[in-house]
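Here's the structure we're looking at; comments come further down.
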Amino acid sequence: MKILVTGAAGFIGSGVARELANRGHDVVAADMFLDRLYSNEPKFVKWEQLSGVANIEKVVVDLRGDLDVLPDDYDVIVNAAAMPGLMTSWSEFDTYMTCNIKLVENLISHRVKEKTHFVQFSTSSVYGATANGDEKSECLPTSPYGVTKLAAEELIRAYHRTHGLQHTILRLFSVFGPGQRPDMAYHKLIKAISTGEEFVVFGDGLQSRTNTFVDDCVGIIATIAESRATNEVFNIAGSDSVTLNDAIAAIEREVGKKALLKHVAARKGDQRTTAGVTEKARDAFGFAPATSFNEGIRKQIEWQLAQ
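Residue numbers for the sequence shown follow the UniProt record's numbering, so the first one is 1 and each next one is one higher.
Put into structure tokens, the structure is as follows:
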């Protein structure tokens, strides 16, 4: 199949592009190299690594604008391009609107054909402060980030109802592992503990996540991209519920150093608990996360300390 992967220089998108190419598909990898949250250096590294993979054509393009430089006629579009991050969404709403909603509309309007299966990366943040149910749970986002990602879902469903858009929406839960973005909590925590820097804990540290190891995430996304469109939503989450305090202790053990912690008030709009129910993805695609939190964080630490 011919597959477009957007956000292909990112943490998850780069892995998906590589995995699909390794499975024999012709992949067009596209990225716009937005540097609002962190330096583009990690993206440049991932982008260069894709150069050594057969069946991948790389394209740098602002996916919110003119797409003429982007090849046409795809069997599948996997949209991993977005502006992530909770706190920044309060102060840079226009960026989140264009990257998380306008970009989706632009791709659908200009690169989706009748046969195209559109796979959209969404997030547990659409559920709001608590995300511990299945896909039928009410969506009550508590940040502009969550609002824009939910709006993108609704836009896709509107295109399905009106124009027959074939799609699958994936709500990803706290992905971690080698290659994690520098702005994400575990990356910051590993860096702080290993270097003796201060790490800021927002709230009491009892906020919990069912983290998804990146290889488990990439594998199921590639499988879904190869499958027929479901026109459904799926939670993609790991099986271990881990509090921030538990994660700090685990990283301290692996690194062999104690964390220097500073406790401040909880962030407004942050999620208290996520515990993704994934039976639907298991029944439809055989999704079974294979990597425990302890194994996954060990691999992330090894990767990060080797950089």
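Quick reminder that beta carbons are idealized off the backbone N, C-alpha and C, glycines included.
Run through the DSSP bridge pairs and tell me what D26 is partnered with. Position 26 of the sequence shown, counted from the first residue, corresponds to residue 26. Bridge partners of D26: K2.
Under DSSP, the beta strand (DSSP E) around S208 begins and ends at which residues? Here residue 208 is taken as the residue at index 208 of the sequence shown, counted from 1. Here the beta strand (DSSP E) through S208 covers S208 to T210.
What first and last residue would you give for the alpha helix (DSSP H) that runs through V45? As a working mapping, residue 45 is identified with position 45 in the sequence shown. Unbroken alpha helix (DSSP H) run through V45: E41 to L50.
Can you grab the Cα-Cα spacing for the pair D94 / A266, in whole Å? The count along the sequence shown starts at 1 and reaches residue 94 at position 94. The count along the sequence shown starts at 1 and reaches residue 266 at position 266. Answer to the nearest angstrom: the Cα atoms are 25 Å apart.
Let's test the definition: count the other Cβ atoms within 10 Å of the Cβ of E154 and tell me whether it reaches 16, buried, or not, exposed. For the purposes of this step, residue 154 is taken as residue 154 along the sequence shown, with counting starting at 1. Its Cβ having fewer than 16 others within 10 Å, E154 is exposed.
Within the region 231-294, note down every full beta strand (DSSP E) run reaching 3 residues or more, in order along the chain. 233-236, 241-243 and 260-264
Tell me H167's beta-bridge partners as DSSP assigns them. Sequence index remark: in the sequence shown, residue 167 carries index 167 (1-based). Partner(s): F118.
State the Cα-Cα distance for the pair S51 and H263, rounded to the nearest angstrom. Counting from one through the sequence shown, the residue named residue 51 turns up at place 51. Counting from one through the sequence shown, the residue named residue 263 turns up at place 263. Cα to Cα, the separation comes out at about 43 Å.
Please report the Cβ distance between L34 and M87, rounded to the nearest whole angstrom; I am assuming they are in contact, meaning their Cβ atoms lie under 8 Å. By 1-based counting over the sequence shown, the position of residue 34 is 34. By 1-based counting over the sequence shown, the position of residue 87 is 87. Actually they are not in contact, since the Cβ atoms of L34 and M87 sit about 17 Å apart, beyond 8 Å.
Would you tell me roughly how many angstroms separate the C-alpha atoms of C217 and K280, rounded to the nearest one? Taking the first residue of the sequence shown as position 1, residue 217 is located at position 217. Taking the first residue of the sequence shown as position 1, residue 280 is located at position 280. In a straight line, the C-alpha of C217 is about 15 Å away from that of K280.
My output table needs one value for N79: the three-state DSSP class, helix, strand or coil. In the sequence shown, counting from the first residue as 1, residue 79 sits at position 79. In the structure shown, N79 sits in a strand (DSSP, three-state: E or B).
Does the pairing of the region 218-234 with the region 279-295 give three or more beta-carbon distances under 8 Å? Cβ pair count under 8 Å is three or more, so yes.
Below 8 Å between beta carbons: does that hold for A80 and G179? Here residue 80 is taken as the residue at index 80 of the sequence shown, counted from 1. Here residue 179 is taken as the residue at index 179 of the sequence shown, counted from 1. Going by C-beta atoms, A80 is not nearer than 8 Å to G179.
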